[in-house]
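Participant: Here it is, the structure, as structure tokens.
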Amino acid sequence: MELATMRMRNSLICWICIFVAFVRISNAFYLPGSYMHTYSNGDSIYAKVNSLTSIETELPFSYYSLPYCKPLGGIKKSAENLGELLMGDQIDNSPYLFKMNVNESTYLCTTPPLNEHEVKLLKQRSRDLYQVNMILDNLPVMRFASQNGVKIQWTGFPIGYTPSDGSADYIINHLKFTVLVHEYEGNGVEIIGTGEEGMGVIAESDKKKESGFEIVGFHVVPCSVKRDPEVMTKLHMYDNISSINCPSELDKYQPIKEQERISFTYEVEFVKSDIRWPSRWDAYLKMEGSRVHWFSILNSLMVIFFLAGIVFVIFLRTVRRDLAKYEELDKETQAQMNEELSGWKLVVGDVFREPCCSNLLCVMVGDGVQILGMAAVTIVFAALGFMSPASRGMLLTGMIILYLFLGIASGYVSVRLSRTIKGTSEGWKSISWFAACFFPGIAFSILTALNFVLWGSNSTGALPISLFFELFFLWFCISVPLTLIGGFLGTKAEQIEYPVRTNQIPREIPARKYPSWLLVLGAGTLPFGTLFIELFFILSSIWLGRFYYVFGFLLVVLLLLTIVCAEVSVVLTYMHLCVEDWRWWWKAFYASGSVSLYVFLYSINYLVFDLQSLSGPISAILYIGYSLLMAIAIMLATGTIGFLVSFYFVHYLFSSVKID
16 MELATMRMRN
26 SLICWICIFV
36 AFVRISNAFY
46 LPGSYMHTYS
56 NGDSIYAKVN
66 SLTSIETELP
76 FSYYSLPYCK
86 PLGGIKKSAE
96 NLGELLMGDQ
106 IDNSPYLFKM
116 NVNESTYLCT
126 TPPLNEHEVK
136 LLKQRSRDLY
146 QVNMILDNLP
156 VMRFASQNGV
166 KIQWTGFPIG
176 YTPSDGSADY
186 IINHLKFTVL
196 VHEYEGNGVE
206 IIGTGEEGMG
216 VIAESDKKKE
226 SGFEIVGFHV
236 VPCSVKRDPE
246 VMTKLHMYDN
256 ISSINCPSEL
266 DKYQPIKEQE
276 RISFTYEVEF
286 VKSDIRWPSR
296 WDAYLKMEGS
306 RVHWFSILNS
316 LMVIFFLAGI
326 VFVIFLRTVR
336 RDLAKYEELD
346 KETQAQMNEE
356 LSGWKLVVGD
366 VFREPCCSNL
376 LCVMVGDGVQ
386 ILGMAAVTIV
396 FAALGFMSPA
406 SRGMLLTGMI
416 ILYLFLGIAS
426 GYVSVRLSRT
436 IKGTSEGWKS
446 ISWFAACFFP
456 GIAFSILTAL
466 NFVLWGSNST
476 GALPISLFFE
486 LFFLWFCISV
496 PLTLIGGFLG
506 TKAEQIEYPV
516 RTNQIPREIP
526 ARKYPSWLLV
536 LGAGTLPFGT
546 LFIELFFILS
556 SIWLGRFYYV
566 FGFLLVVLLL
576 LTIVCAEVSV
586 VLTYMHLCVE
596 DWRWWWKAFY
606 ASGSVSLYVF
616 LYSINYLVFD
626 LQSLSGPISA
636 ILYIGYSLLM
646 AIAIMLATGT
656 IGFLVSFYFV
666 HYLFSSVKID
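Counting in this note's numbering, the sequence shown runs from 16 upward without gaps.
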């Protein structure tokens, strides 16, 4: 007894030590997003600038492509991850310098006289509604505006201002910053993680850490102020100037004209705030129409669950009754009945006949598994709070890495399905290569074509040649070998045996009153019903520059979409078998995969009716290209769900019937 007690006590002490060690170690990292910085009074803080963006053109450009003031030490690019480069982000240092808790008005520089090219460029960017995206301590700058009595928040501030009559253009050359700071008490509270709602996991640590201030907000009021260049050129960068209010009369604005010299100034005010560091992103993650978002999603979930439940129950009862009647008969009656069979029992000798283009089907299913796995894992991690918007490009980078390593699943599924259909492992290498190159090849072709468009526009969204080589390296040195390994494992896996034999001569399929492809296309409407509400918010976040961070909802929608795709595909497969149509393979794939057609059409509808500000053929080409790529990925993922579930259903259905 004493020995057992001592063992329990030692075990408890061991677990306590492990827990304490974990707590101590956990203070060395922060999940997700950036490390919490604390500043002392007077500490220098430099703001950074990202690419200029516009919801009218969707073509990002470098901040220093316009005649702005440059830092004294020259322009230095910040380290960018793969996701940032693919999204067109170009983060550079800037001359905007703040000192913690020091309120001041500062002069930056005065430009040389503007030439014709600079004036034309400034006017064009201003009229295209380009925004300056500034970052301080990893927080994007935010501005507030009133529209029809409603307070609206935006990230970034405009390059210039053009009156409604279009008589002149004015540049934003004076910025009034407000920096919200929270006093860090030095009690050892450190943030280990932040979730979707900005909640933090807090742990006690070193209480000797010095007190300081955390930046929890970054706001700006942009102004256009006409100044005397003769007076301003006598000043040096960072000289103090008198504070001013933003003028309301147009004659006091700084116009954009040739030979005009523009002086850039700014002022900053530090305001203490009760917002804590884990909650500082809450203001950015508040989506417009959140109430509509919640109720629309819940309503959609309830309706789809109700419809899918009815379909599933009716179908389940029908099949069970069919099987029960058949199994109740004795062998002589079954033998007699076999000659008088009708419906799906008639195609027993053809239901597992090899479909046309079977290699392509295997490859598409394998790639669908890869895409579906990437999406599921990414959304789960994002819903758990591991992919904060503070980590720019992390979401896209994580998706690419997951896709590369899930190549092993693609190769495995493609080759094993091919073995099942053909009964042999011959040609598994070619199928693995095809699986490794099918969807990446489509994506690469579309992105290359769009990249030529971006190169022609001198946009920072264009991928540099070096990044193309990096993507090629990742593709052929990681994804392709892993897909081949997965294919090899597929040859070693146990072969799926068919429950019935296939006849040598194919059975003739009876003529139908209507083409089967109409039913297949119509089947995509039910899965689309689960998706289109969330699709609106996703498209808004991509094309209107809003933050999307309700991944909990997206995870629920993904689960619901999976269930509905499976049910729709199974029901359609059963309907085809009942009319003696044994060519179910591709129809099962496209029954659920046809949702991609509605996604693409909805994207076009969104372009026409919700993105009316988008202007120019280049912007439309970019939008359609990216929408097409998204639709193809959705087709492969949803088609794979429908096919695999239908295959399991057909296998189970015919293994339950004793027909020779």
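Built from N, CA and C at the ideal position, the CB exists for glycine as well.
Could you work out which residue in Ile-167, Ile-416, Asp-107 and Ser-584 is closest to Tyr-61 when comparing CA atoms only?
Facilitator: As a position in the sequence shown, residue 61 is number 46, starting the count at 1. Minimum Cα distance to Tyr-61 is reached at Asp-107.
Participant: Go through its chain and collect everything with a Cβ distance to Phe-320's Cβ below 8 Å, but skip five positions before and after it.
Facilitator: As a first step, residue 320 is located in the sequence shown; it is residue number 305 there, counting from the start. If we look at Phe-320 and ignore the five residues flanking it on each side, its Cβ neighbours are Leu-575.
Participant: Compare the Cα-Cα distances from Ser-447 to each of Ser-460, Ala-652 and Leu-432 and report the closest residue.
Facilitator: Counted from its first residue, the sequence shown places residue 447 at position 432. For the residues Ser-460, Ala-652 and Leu-432, the minimum Cα distance to Ser-447 belongs to Leu-432.
Participant: Go ahead and pull the three-state DSSP assignment for Trp-296.
Facilitator: Residue 296 sits at position 281 when you count from the first residue of the sequence shown. Coil.
Participant: Tell me whether the beta-carbon of Pro-75 lies closer than 7 Å to the beta-carbon of Gly-98.
Facilitator: As a first step, residue 75 must be located in the sequence shown, where it is residue number 60. As a first step, residue 98 must be located in the sequence shown, where it is residue number 83. No, Cβ-Cβ distance for Pro-75 and Gly-98 is not below 7 Å.
Participant: Helix, strand or coil, according to DSSP, for Ser-526 in the structure here?
Facilitator: The residue given as residue 526 occupies position 511 in the sequence shown. Ser is not the amino acid found at residue 526; the sequence shown has Ala there. Reduced to three states, the DSSP call for Ala-526 is coil.
Participant: Identify whether Trp-599 lies in helix, strand or coil by the three-state DSSP scheme.
Facilitator: By one-based count along the sequence shown, residue 599 stands at place 584. Trp-599 falls in the coil class under three-state DSSP.
Participant: Is there a Cβ of chain B sitting closer than 7 Å to that of Leu-550, yes or no?
Facilitator: Structure shown: chain B not included; a single protein chain is present.
Participant: Once the 5 residues before and after Glu-284 are set aside, which same chain residues still bring their CB inside 8 Å of it?
Facilitator: Looking up residue 284 in the sequence shown gives position 269. Asn-118, Lys-191, Phe-192, Thr-193 and Val-194, listed in sequence order.
Participant: Quick one: Cα of Ile-656 to Cα of Ile-500, how far?
Facilitator: Locating residue 656 in the sequence shown gives position 641, where the first residue counts as 1. Locating residue 500 in the sequence shown gives position 485, where the first residue counts as 1. About 23 Å.
Participant: What does Ser-161 pair with, by DSSP beta-bridge criteria?
Facilitator: Here the question's residue 161 lines up with position 146 in the sequence shown. In DSSP, Ser-161 forms a bridge with Lys-166.
Participant: Reducing DSSP to helix, strand and coil, say where His-234 ends up.
Facilitator: To locate residue 234, count along the sequence shown from 1; it is residue 219. If DSSP states are grouped into helix, strand and coil, His-234 belongs with the strands.
Participant: I need the DSSP call for Asp-107, collapsed to helix, strand or coil.
Facilitator: As a first step, residue 107 is located in the sequence shown; it is residue number 92 there, counting from the start. Note: Asp-107 maps to strand in three-state DSSP.
Participant: DSSP puts Lys-191 in a beta bridge; with which residues?
Facilitator: Position 176 of the sequence shown, counted from the start, is the residue given in the question as residue 191. For Lys-191, which the question treats as bridged, DSSP gives the partners Val-236 and Glu-282.
Participant: What span of residues does the alpha helix (DSSP H) with Leu-550 cover, start to end?
Facilitator: Numbered from 1 along the sequence shown, position 535 holds the residue referred to as residue 550. Unbroken alpha helix (DSSP H) run through Leu-550: 540 to 558.
Participant: Taking the C-alpha atoms as reference points, what is the distance between Ile-415 and Ala-648?
Facilitator: Position 400 of the sequence shown, counted from the start, is the residue given in the question as residue 415. Position 633 of the sequence shown, counted from the start, is the residue given in the question as residue 648. Near 13 Å, if we compare the C-alpha coordinates of Ala-648 and Ile-415.
Participant: For Asn-56, does the three-state DSSP call read helix, strand or coil?
Facilitator: Translated into positions along the sequence shown, residue 56 becomes position 41. If DSSP states are grouped into helix, strand and coil, Asn-56 belongs with coil.
Participant: Any chance the segment 232 to 246 sits against the segment 153 to 164, with 3 or more Cβ pairs inside 8 Å?
Facilitator: In short, these stretches touch, since the Cβ pair count reaches three.
Participant: Evaluate contact between the segment 69 to 89 and the segment 111 to 129, counting only Cβ atoms and requiring at least three cross-stretch pairs below 8 Å.
Facilitator: Contact between the segment 69 to 89 and the segment 111 to 129 is present, because at least three Cβ pairs lie under 8 Å.
Participant: Name the residue from Gly-567, Lys-287 and Phe-454 whose alpha carbon lies nearest to the alpha carbon of Val-384.
Facilitator: The residue you call residue 384 lines up with position 369 of the sequence shown. The candidate whose alpha carbon is nearest that of Val-384 is Phe-454.
Participant: So the alpha helix (DSSP H) Ile-619 belongs to, where does it begin and stop?
Facilitator: Position 604 of the sequence shown, counting from 1, holds the residue named residue 619. First-last of the alpha helix (DSSP H) with Ile-619: 610 to 624.
Participant: Which whole-angstrom value describes the C-beta separation of Ser-59 and Thr-280, a residue pair presumed to lie in contact below a C-beta threshold of 8 Å?
Facilitator: Taking the first residue of the sequence shown as 1, we reach residue 59 at position 44. Taking the first residue of the sequence shown as 1, we reach residue 280 at position 265. Wrong, their Cβ atoms sit about 19 Å apart, outside the cutoff.
Participant: Output the distance between the C-alpha atoms of Cys-377 and Arg-522, rounded to the nearest integer angstrom.
Facilitator: As a working note, residue 377 is residue 362 in the sequence shown. As a working note, residue 522 is residue 507 in the sequence shown. About 24 Å.
Participant: Are Ser-634 and Ser-618 closer than 7 Å when you measure CB to CB?
Facilitator: For this step, residue 634 is matched to residue 619 along the sequence shown. For this step, residue 618 is matched to residue 603 along the sequence shown. It is not a contact, given that the beta carbons lie outside the stated cut-off.
Participant: Starting from Met-252, trace the alpha helix (DSSP H) both ways and give me its first and last residue.
Facilitator: Walking along the sequence shown from the start, residue 252 turns up at place 237. No alpha helix (DSSP H) holds Met-252; DSSP gives it neither H nor E.
Participant: Indicate whether Ala-606 and Val-535 have their beta-carbon atoms separated by less than 7 Å.
Facilitator: The residue given as residue 606 occupies position 591 in the sequence shown. The residue given as residue 535 occupies position 520 in the sequence shown. A contact, by the Cβ cut-off of 7 Å.
Participant: According to the Cβ coordinates, are Val-380 and Phe-658 closer than 7 Å?
Facilitator: In the sequence shown, the residue the question calls residue 380 occupies position 365. In the sequence shown, the residue the question calls residue 658 occupies position 643. Yes, these two residues count as a Cβ contact at 7 Å.
Participant: Which residue from Phe-420, Val-362 and Leu-651 puts its Cα closest to that of Gln-519?
Facilitator: Translated into positions along the sequence shown, residue 519 becomes position 504. Closest option to Gln-519, Cα to Cα, is Val-362.
Participant: Looking at the secondary structure, which residues open and close the beta strand (DSSP E) in which Met-149 lies?
Facilitator: Locating residue 149 in the sequence shown gives position 134, counting from the first residue. Here the beta strand (DSSP E) through Met-149 covers 149 to 151.
Participant: Based on DSSP bridge pairs, tell me the residues matched to Phe-113.
Facilitator: In the sequence shown, residue 113 corresponds to position 98, counting from 1. Answer is Ile-60, bridged to Phe-113.
Participant: Looking only at its chain, what residues have a beta carbon closer than 7 Å to the beta carbon of Val-660, apart from the 5 residues adjacent to it on each side?
Facilitator: Taking the sequence shown and counting its residues from 1, one reaches residue 660 at position 645. If we look at Val-660 and ignore the five residues flanking it on each side, its Cβ neighbours are Ala-581, Ser-584 and Val-585.
Participant: Out of Gly-505, Val-468, Gly-408 and Ala-391, which one is the CA nearest neighbour of Thr-435?
Facilitator: The count along the sequence shown starts at 1 and reaches residue 435 at position 420. When each option's Cα is compared against that of Thr-435, the closest is Gly-505.
Participant: Taking Glu-275 and Glu-131 to be in contact with their CB atoms under 8 Å, please state how far apart those CB atoms are, rounded to whole angstroms.
Facilitator: In the sequence shown, residue 275 corresponds to position 260, counting from 1. In the sequence shown, residue 131 corresponds to position 116, counting from 1. Not really, about 12 Å apart at Cβ, beyond 8 Å.
Participant: Need the endpoints of the alpha helix (DSSP H) that Glu-131 sits in, please.
Facilitator: As a working mapping, residue 131 is identified with position 116 in the sequence shown. It spans 131 to 142 - the alpha helix (DSSP H) in which Glu-131 sits, taken as one unbroken run.
Participant: Can at least three beta-carbon pairs, one atom from the segment 131 to 149 and one from the segment 168 to 176, be found at a separation below 8 Å?
Facilitator: Touching, yes, given that three or more Cβ pairs across the two stretches are closer than 8 Å.
Participant: Alpha carbon to alpha carbon, what distance is there between Ile-553 and Asn-96?
Facilitator: The residue given as residue 96 occupies position 81 in the sequence shown. The residue given as residue 553 occupies position 538 in the sequence shown. Approximately 22 Å, taken between the alpha carbons.
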